[in-house]
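Inspection log for the structure reproduced underneath, given as structure tokens.
2 protein chains.
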Amino acid sequence: MKSYFQSLNILSEEELHLLEGITSSKQIKKGSFLIQEGEVCKEVVFIRSGILRSFFTKPNGEEVTYCLTFGNNLMTALSSLIEEKPTHENIQALTDLELEVIKKSDLNKLVENNFRWMKVVKILVEQQYIELENRMLDLQRLDAKERYEKLINEREELVRYIPLKHLASFLNITPRHLSRLRADFQNV
Amino acid sequence: MKSYFQSLNILSEEELHLLEGITSSKQIKKGSFLIQEGEVCKEVVFIRSGILRSFFTKPNGEEVTYCLTFGNNLMTALSSLIEEKPTHENIQALTDLELEVIKKSDLNKLVENNFRWMKVVKILVEQQYIELENRMLDLQRLDAKERYEKLINEREELVRYIPLKHLASFLNITPRHLSRLRADFQNV
DNA sequence: TCAGGAAGAGGACATATGTCTAATAAAAAG
DNA sequence: CTTTTTATTAGACATATGTCCTCTTCCTGA
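These protein sequence lines map, in sequence, to chains A and B.
Just so you know, the first sequence maps onto residues 1 to 188 in UniProt numbering.
Just so you know, the second sequence maps onto residues 1 to 188 in UniProt numbering.
So this is what it looks like as structure tokens:
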């Protein structure tokens, strides 16, 4: 995780060092949950290895995949972390995971007392915003087939490692329809 | 705008005062553009009065409304402002507008030299993230009818002031379909 | 090594939503 | 005011996507 923050080129060595006091490591098993809807998110994790999936549920109980995150990335239920309100997200391990965990309360102390840590967090939130905006644009201006093609071209790792039923809801379509699109795709 | 920032309860009177040096006012006419796609966004505006609409265009030229903002709010093409890349957004005046304008370069000086201004901007980005996430959730887990009903219940001001064709694309449906939903709605 | 369950493909059919068009109604322009 | 343009509604029909179901394949756990 240290090298992740280092690569933003904002923090000094001493500032990076502050991480060490507040980070703990954690292993979780495939299938288990980091957080479930209704809980308030109080930590950020860095994925050392493995894959996390965040999803929320429709009124009818159907799961909709919101976010898929691989190793070497941060993950949290951001809106709940910010607002300190119950989340809609369920964050589940798709594989066994090696994590580093930072509690919000510890991160807050860092951020509230250090200009550059404040800046780093601002930048991370900005990145999340941009990523979400891009997904929103795709959802609003591409049809299902175009979204699937874009996924293949730009996030090939998802197609390789994630079960299709999760990709389907990530693309906002049913597995049945994704199967149809894939069949089309063969014939072109 | 000053009272807008004041209400966040973070900045001191002197810090708020710094705004005055870097704010200019601007009137624009209904129908004119604040920014168009392809341009890099270099300013944030505060709407004193009037309504702004942001939209982007589909490959076929169709417009999709992304954001509708009323008086007493900030508006900008956020992702372009952050990344300093050409935007996909077109921001257009739906009415005559009274604006206060801050250039990014000036805001940056404030933010890079003042912890609490950095914090304020972080908070504003967080708010934008949360708003966008909520819209994303609605889009993914509600059907068109439910989205329209939610709009009526929670953003009644939009239904009152915004032409239906814009609301339709805001809800990610066609005007034809919105008209159908409205007809249904009468009969219930 | 095997049984049971999950995942994916795909047929048949249903439905939500889009397209195209015309008729009115409302708003803007002159 | 009158004319012209733009918004809104709605019919007829088309299409994208969903639902339900069955058949395989392939894991996974005992």
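No residue lacks a Cβ here, since even glycine has one placed at the ideal position from N, Cα and C.
- What are the complete beta strand (DSSP E) segments, minimum 3 residues, inside the region 60-135 of chain A? With a minimum length of 3 residues, the unbroken runs of beta strand (DSSP E) contained wholly in the region 60-135 of chain A fall at 63-69, 73-75, 90-93 and 97-103.
- Message: Could you check whether residue 55 of chain A and residue 45 of chain A sit closer than 8 Å to each other, using their CB atoms as the reference points?
- Response: Walking along the first sequence from the start, residue 45 of chain A turns up at place 45. Walking along the first sequence from the start, residue 55 of chain A turns up at place 55. Not closer than 8 Å, so no.
- Message: Among the candidates A:35, A:37, A:34 and A:67, whose CA atom is the shortest distance from the CA of residue 155 of chain A?
- Response: For the purposes of this step, residue 155 of chain A is identified with residue 155 of the first sequence, where counting begins at 1. Considering only alpha carbons, the answer is A:67.
- Pick out whichever of B:120, B:27, B:95 and B:107 has its Cα sitting closest to the Cα of residue 20 of chain B. Taking the first residue of the second sequence as 1, we reach residue 20 of chain B at position 20. Ranking the options by Cα distance to residue 20 of chain B, first place goes to B:107.
- First and last residue of the beta strand (DSSP E) that includes residue 53 of chain A? Along the first sequence, one-based indexing puts residue 53 of chain A at 53. Unbroken beta strand (DSSP E) run through residue 53 of chain A: 52-57.
- Quick one: list the residues of chain B neighbouring residue 79 of chain A, beta-carbon separation under 9 Å, in chain order. What you label residue 79 of chain A is simply residue 79 of the first sequence in a count that begins at 1. For a Cβ distance threshold of 9 Å, residue set 126, 129, 130, 133 and 134 of chain B lies close to residue 79 of chain A, ordered along the chain.
- Message: In this structure, how does DSSP classify residue 191 of chain B when only helix, strand and coil are distinguished?
- Response: There is simply no residue 191 of chain B to check, as chain B begins at 1 and stops at 188 in what is shown.
- Message: By the 7 Å beta-carbon criterion, what residues does the region 51-65 of chain B contribute toward chain A?
- Response: Within the region 51-65 of chain B, 56, 58 and 64 place their CB atoms closer than 7 Å to a CB of chain A, listed in sequence order.
- Task: Inspect the beta-carbon positions of residue 150 of chain A and residue 158 of chain A and report whether they are closer than 8 Å.
- Result: Walking along the first sequence from the start, residue 150 of chain A turns up at place 150. Walking along the first sequence from the start, residue 158 of chain A turns up at place 158. Residue 150 of chain A places its beta carbon 8 Å or farther from that of residue 158 of chain A.
- Message: 8 Å is my cut-off, CB to CB: does residue 172 of chain B come that close to chain A?
- Response: Taking the second sequence and counting its residues from 1, the one referred to as residue 172 of chain B is at position 172. At least one C-beta of chain A is nearer than 8 Å to the C-beta of residue 172 of chain B.
- Message: So if DSSP puts residue 43 of chain A in a beta bridge, which residue, or which two residues, is it bridged to?
- Response: The residue you call residue 43 of chain A lines up with position 43 of the first sequence. Under DSSP, the beta-bridge partners assigned to residue 43 of chain A are A:103.
- Item | Distance between residue 179 of chain A and residue 50 of chain A (C-alpha atoms, nearest Å) | Locating residue 50 of chain A in the first sequence gives position 50, where the first residue counts as 1. Locating residue 179 of chain A in the first sequence gives position 179, where the first residue counts as 1. About 26 Å.
- Query: Just curious, the beta strand (DSSP E) that residue 27 of chain A is in, first and last residue?
  - Reply: Working through the first sequence from its first residue, we reach residue 27 of chain A at position 27. For residue 27 of chain A, the enclosing beta strand (DSSP E) begins and ends at 23-28.
- Message: Tell me which residues of the region 137-155 of chain A have at least one Cβ-Cβ distance to chain B shorter than 7 Å, keeping chain order.
- Response: Per Cβ criterion, the list reads 137, 139, 140 and 141.
- Message: Buried or exposed for residue 33 of chain B, going by 16 or more other Cβ atoms inside 10 Å?
- Response: Start at 1 with the first residue of the second sequence, and residue 33 of chain B comes out as number 33. With fewer than 16 Cβ atoms within 10 Å of its Cβ, residue 33 of chain B is classed as exposed.
- Item | Spatial distance of residue 127 of chain B from residue 133 of chain B (CA atoms) | Translated into positions along the second sequence, residue 127 of chain B becomes position 127. Translated into positions along the second sequence, residue 133 of chain B becomes position 133. Looking at the two C-alpha atoms, the distance is approximately 10 Å.
- Message: Is residue 17 of chain B close to chain A? Criterion is C-beta to C-beta, closer than 8 Å.
- Response: The count along the second sequence starts at 1 and reaches residue 17 of chain B at position 17. No, because no Cβ of chain A sits closer than 8 Å to the Cβ of residue 17 of chain B.
- Can you tell me where the beta strand (DSSP E) with residue 34 of chain A in it begins and where it stops? Walking along the first sequence from the start, residue 34 of chain A turns up at place 34. Run containing residue 34 of chain A: 33-35, per the beta strand (DSSP E) assignment.
- Task: Pull up the CB-CB distance for residue 80 of chain B and residue 40 of chain B, whole angstroms please, since I reckon it's below 8 Å.
- Result: What you label residue 80 of chain B is simply residue 80 of the second sequence in a count that begins at 1. What you label residue 40 of chain B is simply residue 40 of the second sequence in a count that begins at 1. That belief holds up - the Cβ atoms of residue 80 of chain B and residue 40 of chain B are roughly 6 Å apart, short of 8 Å.
- Where residue 88 of chain B meets chain A, residues with beta-carbon distance less than 8 Å: The sequence position of residue 88 of chain B within the second sequence is 88, counting from 1. Neighbours of residue 88 of chain B in chain A, taken as residues whose beta carbon is under 8 Å from its own, are 137 in chain order.
- Under the rule that 16 or more other beta-carbon atoms within 10 Å means buried, what is residue 169 of chain A, buried or exposed? For the purposes of this step, residue 169 of chain A is taken as the residue at position 169 of the first sequence. Per the 10 Å Cβ criterion, buried.
- Taking C-alpha atoms, which residue in A:115, A:92, A:145 and A:172 lies nearest to residue 186 of chain A? Counting from one through the first sequence, the residue named residue 186 of chain A turns up at place 186. Comparing alpha carbon positions, the residue from A:115, A:92, A:145 and A:172 closest to residue 186 of chain A is A:145.
- Could you tell me how far apart the beta carbons of residue 102 of chain A and residue 71 of chain A are, in whole angstroms, since I believe they sit closer than 8 Å? On the first sequence, position 102 is the one that residue 102 of chain A refers to. On the first sequence, position 71 is the one that residue 71 of chain A refers to. Contact doesn't hold; Cβ gap of about 17 Å is too wide.
- Message: By the three-class DSSP mapping on this structure, what secondary structure does residue 49 of chain B have?
- Response: Counted from its first residue, the second sequence places residue 49 of chain B at position 49. Note: residue 49 of chain B maps to strand in three-state DSSP.
- Message: At the level of alpha carbons, what is the spacing between residue 181 of chain B and residue 90 of chain B?
- Response: One-based indexing of the second sequence puts residue 181 of chain B at position 181. One-based indexing of the second sequence puts residue 90 of chain B at position 90. Taking C-alpha positions only, residue 181 of chain B is separated from residue 90 of chain B by approximately 28 Å.
- Message: Going by beta-carbon coordinates alone, are residue 28 of chain B and residue 87 of chain B separated by less than 8 Å?
- Response: By 1-based counting over the second sequence, the position of residue 28 of chain B is 28. By 1-based counting over the second sequence, the position of residue 87 of chain B is 87. In terms of Cβ geometry, residue 28 of chain B and residue 87 of chain B do not form a close pair [threshold 8 Å].
- Can you tell me the Cβ-Cβ gap for residue 111 of chain A and residue 118 of chain A, rounded? I've got them flagged as a contact below 8 Å. Reading the first sequence from its first residue, position 111 is the one you call residue 111 of chain A. Reading the first sequence from its first residue, position 118 is the one you call residue 118 of chain A. With 8 Å as the limit, residue 111 of chain A and residue 118 of chain A qualify as a contact, their Cβ atoms being about 5 Å apart.
- Tell me whether residue 175 of chain A sits in a helix, a strand or coil according to DSSP, three-state version. Numbered from its first residue, the first sequence carries residue 175 of chain A at position 175. In the structure shown, the three-state DSSP call for residue 175 of chain A is helix.
- Message: Would residue 26 of chain A and residue 95 of chain A qualify as a contact pair, given that the criterion is a beta-carbon distance under 8 Å?
- Response: Here the question's residue 26 of chain A lines up with position 26 in the first sequence. Here the question's residue 95 of chain A lines up with position 95 in the first sequence. No. Outside cutoff.
- Message: Does chain B have any CB closer than 8 Å to the CB of residue 118 of chain A?
- Response: Residue mapping note: residue 118 of chain A aligns to position 118 of the first sequence, counting from 1. True, the Cβ-Cβ gap to chain B drops below 8 Å.
- Query: Is there a Cβ from chain A that is less than 8 Å from the Cβ of residue 45 of chain B?
  - Reply: Taking the first residue of the second sequence as 1, we reach residue 45 of chain B at position 45. Chain A places no beta carbon closer than 8 Å to that of residue 45 of chain B, leaving this residue out of the contacts.
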